[in-house]
Amino acid sequence: MSEPLAPEILSAPERVIVGTTRRYTMMRRSEIPRQWQEFFDAGHRIPGAIEGPTFGVSFEMDPAGGFRYCVGKEVPAPPTPLPEGLDAVTLSAGTYAVLRRLGPIARMTRDFDRMFSEWLPASGRQIREGAVFERYPPDDRNGPDVMAYEIWVPVTDEAE
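The opening position of the sequence shown corresponds to residue 1 in full-length UniProt numbering, with each subsequent residue numbered one higher.
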């Protein structure tokens with residue numbers, strides 16, 4: 001039995017994430033963990049990075065199911081010039097449905113899919129323009145079998 005979805009509705013300021021970006025399709029999203037591993041293995045030094053969470057950002061979705069994905073850190077403003085191999089992605093200010101979890105990272109894909117297939121239609125809200133992102137906060141409970149993660153979905157202010 002699946003754990004119930006109970007996202008919080010939060011207002012968030014604009015954020016800028018700097019990191020590595022690649023293009024995927026929904027059929028190839030299983031390759032995203034390799035991008036994370038390469039990001040950490042490369043030891044990317046992001047000038048001005050804010051200490052704390054790491055982000056995974058899905059943006060520029062297309063009707064065929066393609067999207068760009070960025071693994072990175074928040075910065076107050078993008079460095080100029082951007083270090084080679086890094087991109088800046090702006091997360092829009094506004095209302096988000098935020099699902100917080102502590103569990104196996106393998107469960108995240110299922111939670112992500114359920115946010116769109118179950119929670120969003122039942123909520124009466126609509127997805128709004130903006131990137132969908134994962135936020136991985138530092139947490140003493142994180143380990144090889146369990147991880148704290150959040151899924152942030154941009155939604156309209158009110159249920160319609």
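The beta carbon of each residue, even a glycine, is placed where N, CA and C say it ideally should be. All figures in this text were calculated on a predicted structure; none of them were measured in a lab.
Check	Outcome
Give me the residue from L91, V71, G66 and C70 with the minimum Cα distance to A77.	L91
Measuring alpha carbon to alpha carbon, tell me which of F116, E129, Q35 and I17 ends up nearest R23.	Q35
What does the alpha-carbon distance come out to for the pair M26 and G65?	6 Å
Can you tell which of G19, S30 and E3 has the C-alpha that lies nearest to the C-alpha of P47?	G19
Just the Cα atoms here: how many angstroms apart are A93 and E158?	16 Å
If you compare alpha carbons, which of P83, Q126 and M147 is closest to G43?	P83
Could you say which of V71, A131, A12 and L120 lies nearest to P33 if we only look at CA atoms?	V71
Check L82 in the structure and name its three-state DSSP category.	coil
Please report the residue range of the beta strand (DSSP E) in which S58 lies.	T54 to F59
Taking just the CA atoms, how far does R101 sit from T125?	Here the sequence assigns Arg to residue 125, which means Thr is not the residue at that position. Approximately 21 Å, taken between the alpha carbons.
Are the region 117-124 and the region 133-147 in contact at 8 Å, needing three or more beta carbon pairs?	no
Among V89, M147 and P53, which residue has its Cα nearest to the Cα of E60?	V89
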